[in-house]
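Residue numbering for the sequence shown follows the numbering used here, beginning at 2 and increasing consecutively.
Where a beta carbon is used, it is the ideal one built from N, C-alpha and C, also for glycine.
Written out below as structure tokens is the structure these notes cover.
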Amino acid sequence: MRQASKWTLIGLLIWALASWGLAPTARSQLSLSAVIQETARQLDLALQQSLLASSAPTLENAQALSHQLLNLLEGQSGSDYDSRYPIAGDQLGLIEYASQIEAGLQDARYQHRFDVTVDNIMIDFKLALARTQQVLQLTALGDTREKLNETTAFLSAAKGRADDVPPLGGILFLVAQIAQP
2 MRQASKWTLI GLLIWALASW GLAPTARSQL SLSAVIQETA RQLDLALQQS
52 LLASSAPTLE NAQALSHQLL NLLEGQSGSD YDSRYPIAGD QLGLIEYASQ
102 IEAGLQDARY QHRFDVTVDN IMIDFKLALA RTQQVLQLTA LGDTREKLNE
152 TTAFLSAAKG RADDVPPLGG ILFLVAQIAQ P
């Protein structure tokens, strides 16, 4: 009986150590999952904002909506963030979200399977930001709409589809692969 309790104790110790070792991994997975899902929500807001801006009736309306879009892309810490244009988003910014996803994917279990996907998402966000910054300098509504259509295209590429294959996937691909609700 003494021998059985010794092995029971060793088994419990191994289980406790394994559980303790897995707990941070589960928390980081949950955290990465939450970041990916929130990025998808913020990206939907940015796409809506871009579409609203591109169909605005006047240059002034298009530029005001573009300021809000810029705030969604850059976040509160961005150099062009303008608090006069409140946004529905959480003020963190899509570019910062992409950086957090990139950092979360450094975990060895992902084995760099999504590196190119996240790089493409970041590039699309930065190109959308550059087009939005250009919009704010334009003086003709037609040119503004053209640049906003380009912005929408980059944001749509960053969103991708859930059934895309790496590296073609966007945020929806990452939601399907990592952050399944």
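query, result
"7 Å Cβ cutoff met for T153 and S56", "no"
"Inter-residue Cα distance where the pair is A129 and T145", "13 Å"
"Rounded distance between the beta-carbons of Y86 and Q101, thought under 8 Å", "That pair is no contact at about 24 Å."
"Whole-angstrom distance between L173 and L48, CA atom to CA atom", "14 Å"
"Span separating the alpha-carbon of D125 from that of T140", "25 Å"
"Beta-carbon gap between A89 and I122 smaller than 7 Å", "no"
"Beta-carbon proximity check, L44 vs K127, cutoff 7 Å", "no"
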